[in-house]
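K.L.:
Take this structure, written in structure tokens, and hold onto it; I'll ask about it next.
Numbering (this note's numbering), first residue to last: 29 to 389.
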């Protein structure tokens, strides 16, 4: 059993609901017992094994009127949690018909990769959300998915404490690598852990969908076949392999890419054949199944990206392509292949591996 949060546990007054639970065990809640339970309330709630689902949601709703304050001073430690959260690469992306809700049906293989952002969360007594990032053009208000995820969490749980978040970006912004969605999912997980609200998997999934279709993937990132709007995920047993990610130094708006999209895929697509080739390490064969619906519009606007894909393949990559709507490219390479940027080409290369499973840590 994990020890209770040393800051949050000390601030609780025992709610009536817990007294009812304890009394049902046949115990009388004396003042001395209440004082002891106040210190270890998170342990009591955990050991009570309250069921997830409607019952636990009702408990949170009843208790949401009681603020979860974070005390200061008197030698109490700061309550800080730091998480690393990965990027993802879309290997293949088929955009299909538009749904009645305005979204497109899509199919894609999502792979988490060893390229990370880092978020540090510090609970604070006063309410509100304070977000900082060392990159000047990254917004620190409601335009940022981290801020929106924190606001959504506090609204849903009723937690009245505030949060200070420091975001350090290792994932290029606007490159189709899912950095914003990954940060948002990590925020939901981090605040749930920090404030010990114990949201169920279904609750976290529902909150993540409100933030974006890529967000649920990052709650438990592992290789997946993703379908629907992006919310349906089928885990894939694909061994790790090496990738080179090329960042050209500029981003591409996903909204712009969808508006430019004229040709949609229909009927059968080779998504599962691509997954099978990767699972069996037949990387050269994987190239014949690789397709991205956005390549035509993105390469028309940025022909240098198409030339870079050709350069990767001609210099030993098994296959290469556009990740999501871009602008990042990926190239699958063997362990002995050394890759560097050709002369005169701007941008950065990241040597990464796909991750078979990555719980946000």
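Note that the Cβ used here is the ideal one computed from N, Cα and C, for glycine as well.
Does the Cβ of residue 371 have 16 or more other Cβ atoms within 10 Å, making it buried, or fewer, making it exposed?
P.N.:
That one is exposed.
K.L.:
When the Cα atoms are used, what is the spatial distance from residue 361 to residue 347?
P.N.:
8 Å
K.L.:
Which residue marks the beginning of the beta strand (DSSP E) containing residue 145, and which one marks its end?
P.N.:
Where residue 145 is concerned, the enclosing beta strand (DSSP E) stretches over 132-152.
K.L.:
So residue 262 is in the beta strand (DSSP E); what residue range does that whole segment cover?
P.N.:
260-263
K.L.:
Could you give the distance in angstroms between the alpha-carbon of residue 353 and the alpha-carbon of residue 160?
P.N.:
27 Å
K.L.:
Taking the beta carbon of residue 230 as the centre, do at least 16 other beta carbons fall within 10 Å, making it buried, or is it exposed?
P.N.:
exposed
K.L.:
For the beta strand (DSSP E) containing residue 162, name the first residue and the last one.
P.N.:
Note, residue 162: premise wrong, no beta strand (DSSP E); not H, not E.
K.L.:
State the start and end residues of the unbroken beta strand (DSSP E) segment that holds residue 359.
P.N.:
357-360
K.L.:
Compare the C-alpha of residue 125 against each of 187, 214, 210 and 290 and name the closest.
P.N.:
290
K.L.:
If you draw a straight line from the alpha carbon of residue 113 to that of residue 323, how long is it in whole angstroms?
P.N.:
27 Å
K.L.:
Hey, out of 380, 255 and 215, whose CA is closest to residue 366's CA?
P.N.:
Taking only the C-alpha atoms, the option nearest residue 366 is 380.
K.L.:
Thinking residue 145 and residue 210 are a contact (beta carbons under 8 Å), I'd like their distance in whole angstroms, please.
P.N.:
6 Å
K.L.:
Given this structure, state the Cα-to-Cα distance separating residue 327 from residue 216, to the nearest angstrom.
P.N.:
35 Å
K.L.:
Distance check for residue 213 and residue 246, CA to CA, integer angstroms please.
P.N.:
6 Å
K.L.:
Evaluate the contact criterion for the stretch 307-316 versus the stretch 231-239: three or more CB pairs, one atom per stretch, below 8 Å.
P.N.:
no
K.L.:
Looking only at C-alpha atoms, which of 196, 121 and 268 sits nearest to residue 250?
P.N.:
268
K.L.:
At what residues does the alpha helix (DSSP H) containing residue 331 begin and finish?
P.N.:
331-342 is the extent of the alpha helix (DSSP H) around residue 331.
K.L.:
Mark residue 368 as exposed unless 16 or more other C-beta atoms lie within 10 angstroms of its C-beta, in which case mark it buried.
P.N.:
exposed
K.L.:
Going by other Cβ atoms of all chains shown within 10 Å of its Cβ, with 16 needed for buried, is residue 276 buried or exposed?
P.N.:
Residue 276 should be labelled buried.
K.L.:
Taking 6 Å as the limit between beta carbons, can you name the residues of its chain near residue 349, skipping five residues before and five after?
P.N.:
318 and 320
K.L.:
Assign residue 182 to one of three DSSP states: helix, strand, or coil.
P.N.:
helix
K.L.:
Residue range of the beta strand (DSSP E) that residue 121 falls in?
P.N.:
Where residue 121 is concerned, the enclosing beta strand (DSSP E) starts and stops at 108-126.
K.L.:
Applying the 10 Å Cβ sphere with the 16-neighbour rule, what's the burial state of residue 356?
P.N.:
buried
K.L.:
Mark residue 156 as exposed unless 16 or more other C-beta atoms lie within 10 angstroms of its C-beta, in which case mark it buried.
P.N.:
exposed
K.L.:
So what does DSSP say about residue 270, is it helix, strand or coil?
P.N.:
Residue 270: strand per DSSP, three-state reduction.
K.L.:
Are residue 373 and residue 271 close, meaning C-beta to C-beta below 8 Å?
P.N.:
no
K.L.:
Whose CA, out of 115, 119 and 110, lies closest to the CA of residue 300?
P.N.:
Its Cα nearest to that of residue 300, the residue 119 stands out among 115, 119 and 110.
K.L.:
Indicate the three-state DSSP secondary structure (helix, strand or coil) for residue 205 in the structure shown.
P.N.:
coil
K.L.:
Return the CA-CA distance between residue 337 and residue 305, expressed in angstroms with no decimal places.
P.N.:
Looking at the two C-alpha atoms, the distance is approximately 20 Å.
K.L.:
Do residue 108 and residue 136 count as a contact pair if the criterion is CB distance below 8 Å?
P.N.:
no
K.L.:
Taking residue 259 as the reference, which of 274, 241 and 273 has the closest Cα?
P.N.:
241
K.L.:
Could you compute how far the alpha carbon of residue 386 sits from the alpha carbon of residue 283?
P.N.:
28 Å
K.L.:
Taking 8 Å as the threshold (C-beta atoms), are residue 115 and residue 218 in contact?
P.N.:
no
K.L.:
How many Å lie between residue 261 and residue 281 at the Cα?
P.N.:
Residue 261 and residue 281 have their C-alpha atoms roughly 24 Å apart.
K.L.:
Can you look up residue 157 in the DSSP assignment and give me helix, strand or coil?
P.N.:
Correct three-state label for residue 157: strand.
K.L.:
Do you know how far the Cα of residue 151 is from the Cα of residue 220?
P.N.:
12 Å
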